[in-house]
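J.: According to this note's numbering, the sequence shown holds residues 7 to 529 in order. We treat Cβ as the ideally placed atom computed from N, Cα and C, and that holds for glycine. Mind having a look at this structure? Questions to follow.
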Amino acid sequence: MVFPSRRAVLTLAAALAFAAPAAAQQTLRVALHSDLKIVDPVWTTALISTHHGYMIYDTLFALDEKLEVKPQMVDKWEVSPDKLTWTFTLRDGLEWHDGKPVTAEDCVASIKRWGAKDSMGQKLMGVVADLSAPDARTIKMVLKQPYGLVLQTLGKSSSNVPFMMPKAVASTDPNTQITESIGSGPFIFKKDEWKAGEKAVYVKNPKYKPRAEPASGLAGGKVAKVDRVEWITIPDQQTQVNALLGGEVDLVEIVPPDLLPLLAKEKNIKTTIVNKAGRQYDMRFNTLTKPFDNAKVRQAVLYALSQKEFLEANVGNSEFYRECKSVFPCGSPLESTKGWDDKLTGNVAKAKELLAASGYDGTPAVLLHQTDTAGHNNLATVGKAQLEKIGLKVDLQPMDWQTLVTRRAKRDPLDKGGWSVFFTSWGAPDILNPVSAAYINASCDKATFGWPCDETIEKLRDAFATESDPAKQKAIAEQVQLRLLEYPTFVPLGQFTTPTAHRANLSGLLHTPSLALWNIEKK
Numbered sequence: 007m008v009f010p011s012r013r014a015v016l017t018l019a020a021a022l023a024f025a026a027p028a029a030a031q032q033t034l035r036v037a038l039h040s041d042l043k044i045v046d047p048v049w050t051t052a053l054i055s056t057h058h059g060y061m062i063y064d065t066l067f068a069l070d071e072k073l074e075v076k077p078q079m080v081d082k083w084e085v086s087p088d089k090l091t092w093t094f095t096l097r098d099g100l101e102w103h104d105g106k107p108v109t110a111e112d113c114v115a116s117i118k119r120w121g122a123k124d125s126m127g128q129k130l131m132g133v134v135a136d137l138s139a140p141d142a143r144t145i146k147m148v149l150k151q152p153y154g155l156v157l158q159t160l161g162k163s164s165s166n167v168p169f170m171m172p173k174a175v176a177s178t179d180p181n182t183q184i185t186e187s188i189g190s191g192p193f194i195f196k197k198d199e200w201k202a203g204e205k206a207v208y209v210k211n212p213k214y215k216p217r218a219e220p221a222s223g224l225a226g227g228k229v230a231k232v233d234r235v236e237w238i239t240i241p242d243q244q245t246q247v248n249a250l251l252g253g254e255v256d257l258v259e260i261v262p263p264d265l266l267p268l269l270a271k272e273k274n275i276k277t278t279i280v281n282k283a284g285r286q287y288d289m290r291f292n293t294l295t296k297p298f299d300n301a302k303v304r305q306a307v308l309y310a311l312s313q314k315e316f317l318e319a320n321v322g323n324s325e326f327y328r329e330c331k332s333v334f335p336c337g338s339p340l341e342s343t344k345g346w347d348d349k350l351t352g353n354v355a356k357a358k359e360l361l362a363a364s365g366y367d368g369t370p371a372v373l374l375h376q377t378d379t380a381g382h383n384n385l386a387t388v389g390k391a392q393l394e395k396i397g398l399k400v401d402l403q404p405m406d407w408q409t410l411v412t413r414r415a416k417r418d419p420l421d422k423g424g425w426s427v428f429f430t431s432w433g434a435p436d437i438l439n440p441v442s443a444a445y446i447n448a449s450c451d452k453a454t455f456g457w458p459c460d461e462t463i464e465k466l467r468d469a470f471a472t473e474s475d476p477a478k479q480k481a482i483a484e485q486v487q488l489r490l491l492e493y494p495t496f497v498p499l500g501q502f503t504t505p506t507a508h509r510a511n512l513s514g515l516l517h518t519p520s521l522a523l524w525n526i527e528k529k
């Protein structure tokens, strides 16, 4: 028998001692709905960029599991008797990832940049007379008139989220993408390990001070319970599920319903609905280019499309979808089918009649077709078939989602890379009213991709924002819905929920409109 020397034993012991911390480090590996290519969640409304934002940034307010607004970075706030002056005091101990303290000036700059891009932010900033930082912890907002959606706006839960950034970053023009990812949130972005198309890496922020309240939705204490999170890019859904079954990833954000029976057989896999409120499929028009610069052509489309076919092709299981001819989510306070009962039924004859009356000149509609996002990759193909039935010419252009996200921001003519339509979805909490719903925003150049321009819609949105009576709000929302029949800005294509699957050794997954990866424990 050969015994190791004392020196060899000591060397091995030393090596194990140094290796121990690395071995104990917990890494959470997840496969999400898309690759991360854009890290500016204010510049784009892409959900994957919002997920990224929640990893590294924090917010002044947040929605809890009951969709109620709760303070997050804010410690306390006051409103003057005339309801014109709002004063917010930041919590102690807030610090940027680079070690500098979070200041009210940072937050003021962040609100202004976000408010220039976001639908709700624009309306709020339209009634703000002054936004300042009297001291390092105080944000002062003075309004021109009382505004009933201040907290709901600052607590907006999804794209675009009012994430707080350092002033130097937040001073970037809102139409230019930021290049830095310095936040104050529970995780730190490892830009040096980020490889678009492969993975994005985040590590626990050791200096983050979570709120004392238990985590609830996107509110409460954001406690990072793993040391490292890796977003692994796996474009194919079946491959994602196989990776979950094999233990190569711990969580798959979206599992197609047809693959759920495969997971149901596995004791080590659990499935859940993270976003219980669900999402709404939408077809978005570009009102700047032919043929949808003509409102009458868009009206024809409202009759041409059939929600059922979109839902069947992209979800397939009726347990996870519902037809809904309401602009605002079915099940929400503003749900109404007023004016829309005979729309979205695939009425080809009526659609052809309206298209002929519109003077359509045969210009092909350029449909941007995302091919790599679960539950969305058949939207454009269904749309193409339905539009062609009524005589519209269609140019279907396939691309991955991140390419589409960049392409849709361009206002170029069709022959120079422009577009006519793209398909996407919105979380129900984002579209509960005319002010929050980005695709109802018709403020011309200030509106999001598609750039509709309609004074009537904007006056109604203003009226909704200043009205506090629920019954009157509902009446205004119905007027908006009726106006959208005359001046369509998008088409709602039904609602759905998406199952999330994870290894059974994970616990603490929160029910949120946007995926939250804090509070998760891995045993």
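Please tell me whether A471 and A225 are closer than 7 Å, where the distance is taken between their beta carbons.
T.: Counted from its first residue, the sequence shown places residue 471 at position 465. Counted from its first residue, the sequence shown places residue 225 at position 219. It is not a contact, given that the beta carbons lie outside the stated cut-off.
J.: Considering V247, what are the terminal residues of the alpha helix (DSSP H) in which it resides?
T.: For this step, residue 247 is matched to residue 241 along the sequence shown. Residues Q243 to L251.
J.: If you reduce the DSSP assignment to three classes, tell me which class P4 lands in.
T.: As displayed, the chain neither begins before 7 nor continues past 529, which places residue 4 out of reach and without an answer.
J.: Do you know whose CA, among D436, A434, V80 and I463, lies nearest N447's CA?
T.: Taking the sequence shown and counting its residues from 1, the one referred to as residue 447 is at position 441. Out of D436, A434, V80 and I463, I463 has the C-alpha closest to the C-alpha of N447.
J.: Under the rule that 16 or more other beta-carbon atoms within 10 Å means buried, what is K201, buried or exposed?
T.: For the purposes of this step, residue 201 is taken as residue 195 along the sequence shown, with counting starting at 1. Exposed.
J.: Compare the beta carbon distance of K150 and A135 with 7 Å and say whether it is the shorter of the two.
T.: Reading the sequence shown from its first residue, position 144 is the one you call residue 150. Reading the sequence shown from its first residue, position 129 is the one you call residue 135. Contact: yes.
J.: Residues bridged to Q485 by DSSP?
T.: What you label residue 485 is simply residue 479 of the sequence shown in a count that begins at 1. Looking at the DSSP assignment, Q485 forms no beta bridge with any residue, so it has no partner.
J.: What number of angstroms, rounded off, separates the C-alpha of N320 from the C-alpha of E84?
T.: Position 314 of the sequence shown holds residue 320. Position 78 of the sequence shown holds residue 84. C-alpha separation (whole angstroms): 47 Å.
J.: I'd like the span of the alpha helix (DSSP H) that includes G132, first residue to last.
T.: Along the sequence shown, one-based indexing puts residue 132 at 126. Per DSSP, G132 belongs to the alpha helix (DSSP H) from S125 to G132.
J.: Sort D112, G227 and T182 by Cα distance to P192 and report the nearest one.
T.: Position 186 of the sequence shown holds residue 192. Of the listed residues, the one whose Cα sits closest to P192 is G227.
J.: Determine the direct distance from the alpha carbon of K123 to that of K452, and round the result to whole angstroms.
T.: Start at 1 with the first residue of the sequence shown, and residue 452 comes out as number 446. Start at 1 with the first residue of the sequence shown, and residue 123 comes out as number 117. Each residue's Cα considered, the two are about 7 Å apart.
J.: Look at the alpha carbon of T531 and the alpha carbon of S442, and state the distance between them as a whole number of angstroms.
T.: Within the shown structure, residues of the chain are numbered from 7 to 529, placing residue 531 beyond reach of any answer.
J.: May I have the straight-line CA-CA distance separating P152 from K89, to the nearest angstrom?
T.: Within the sequence shown, numbered from 1, the residue matching residue 152 stands at position 146. Within the sequence shown, numbered from 1, the residue matching residue 89 stands at position 83. If you take the alpha carbons of P152 and K89, they lie about 5 Å apart.
J.: Got a sec, what are the start and stop residues for the alpha helix (DSSP H) Q408 sits in?
T.: Taking the sequence shown and counting its residues from 1, the one referred to as residue 408 is at position 402. Here the alpha helix (DSSP H) through Q408 covers W407 to R413.
J.: Quick one: what's got a C-beta closer than 6 Å to P82's C-beta in the same chain, skipping five residues either side?
T.: Position 76 of the sequence shown holds residue 82. For the record, residue 82 in the displayed sequence is Lys; it is not Pro. Contacts found: T95.
J.: Check this for me: beta carbons of V75 and L66, under 7 Å apart or not?
T.: Here residue 75 corresponds to residue number 69 of the sequence shown, with the count starting at 1. Here residue 66 corresponds to residue number 60 of the sequence shown, with the count starting at 1. No; because the gap between Cβ atoms is not below 7 Å, this pair is not in contact.
J.: Look at the alpha carbon of S312 and the alpha carbon of G352, and state the distance between them as a whole number of angstroms.
T.: Against the sequence shown, residue 312 aligns to sequence position 306. Against the sequence shown, residue 352 aligns to sequence position 346. Their Cα atoms are separated by approximately 5 Å.
J.: Quick one: residues in its chain with C-beta nearer than 8 Å to the C-beta of A510, no 5 flanking neighbours on either side, listed in chain order?
T.: Taking the sequence shown and counting its residues from 1, one reaches residue 510 at position 504. For A510, where only same-chain residues beyond five positions count, the Cβ hits under 8 Å are K273, N274, I275 and K276.
J.: Is it buried or exposed, T500, if we count other Cβ atoms within 10 angstroms and call 16 or more buried?
T.: Along the sequence shown, one-based indexing puts residue 500 at 494. The sequence given here places Gly at residue 500; Thr does not occur at that position. So G500 counts as buried.
J.: Should C113 go down as buried or exposed, given a rule of 16 or more other Cβ atoms within 10 Å for buried?
T.: As a position in the sequence shown, residue 113 is number 107, starting the count at 1. By the 10 Å Cβ count, C113 comes out buried.
J.: To the nearest angstrom, report how far apart A301 and E492 are at their CA atoms.
T.: The residue given as residue 301 occupies position 295 in the sequence shown. The residue given as residue 492 occupies position 486 in the sequence shown. Straight-line Cα distance between these residues: approximately 7 Å.
J.: In the DSSP assignment, the beta strand (DSSP E) including I463 goes from what residue to what residue?
T.: The count along the sequence shown starts at 1 and reaches residue 463 at position 457. Looking at the DSSP string, I463 is not in any beta strand (DSSP E); the run it does join, the alpha helix (DSSP H), is E461 to T472.
J.: Who are the Cβ neighbours of K480 in its own chain at under 8 Å, not counting the five residues just before and after it?
T.: Residue numbering aside, residue 480 sits at position 474 when the sequence shown is read from its first letter. Result list for K480: P339, L340 and S342, in chain order.
J.: Please report the straight-line C-alpha distance between S332 and L317, rounded to a whole angstrom.
T.: As a working mapping, residue 332 is identified with position 326 in the sequence shown. As a working mapping, residue 317 is identified with position 311 in the sequence shown. So the alpha carbons of these two residues sit roughly 15 Å apart.
J.: Could you check the C-alpha separation between V411 and P87 for me, to the nearest Å?
T.: Here the question's residue 411 lines up with position 405 in the sequence shown. Here the question's residue 87 lines up with position 81 in the sequence shown. Answer to the nearest angstrom: the Cα atoms are 44 Å apart.
J.: Can you give me the C-alpha to C-alpha distance between M126 and P180, rounded to a whole angstrom?
T.: Start at 1 with the first residue of the sequence shown, and residue 126 comes out as number 120. Start at 1 with the first residue of the sequence shown, and residue 180 comes out as number 174. Each residue's Cα considered, the two are about 15 Å apart.
J.: Can you list, in chain order, the residues of its chain whose CB lies under 6 Å from that of Q32, leaving out five sequence neighbours each side?
T.: Numbered from its first residue, the sequence shown carries residue 32 at position 26. Closer than 6 Å at Cβ, skipping near neighbours: V232, D233 and K528.
J.: Residues in its own chain within less than 6 Å of S537 by CB, not counting five upstream and five downstream?
T.: Only positions 7 to 529 of the chain appear in this structure, which leaves residue 537 out of reach.
J.: Given a threshold of 16 other Cβ atoms within 10 Å of its Cβ, counted over all protein chains shown, does I279 qualify as buried or as exposed?
T.: The count along the sequence shown starts at 1 and reaches residue 279 at position 273. So I279 ends up on the exposed side.
J.: Does A510 come out as helix, strand or coil in the three-state DSSP assignment?
T.: As a first step, residue 510 is located in the sequence shown; it is residue number 504 there, counting from the start. A510 falls in the coil class under three-state DSSP.
J.: Work out the CA separation of M61 and A110 for me, nearest whole Å.
T.: Your numbering for residue 110 matches position 104 in the sequence shown. Your numbering for residue 61 matches position 55 in the sequence shown. Approximately 21 Å, taken between the alpha carbons.
J.: Between S165 and the rest of its own chain, which residues show a CB-CB distance below 6 Å, the 5 nearest in sequence each way excluded?
T.: Residue 165 sits at position 159 when you count from the first residue of the sequence shown. Answer for S165: T51 and T56, listed in chain order.
J.: Which parts of the stretch 362-421 are runs of the beta strand (DSSP E), unbroken and 3 residues or longer, counting only runs that do not cross its ends?
T.: Within the stretch 362-421, the complete beta strand (DSSP E) runs of at least 3 residues are 371-376 and 400-405.
J.: Taking the C-alpha atoms as reference points, what is the distance between K395 and G424?
T.: Within the sequence shown, the letter at position 389 stands for residue 395. Within the sequence shown, the letter at position 418 stands for residue 424. Spanning the two alpha carbons is a distance of roughly 24 Å.
J.: Put M61 into one of helix, strand or coil per three-state DSSP.
T.: What you label residue 61 is simply residue 55 of the sequence shown in a count that begins at 1. Here M61 sits in helix by DSSP.
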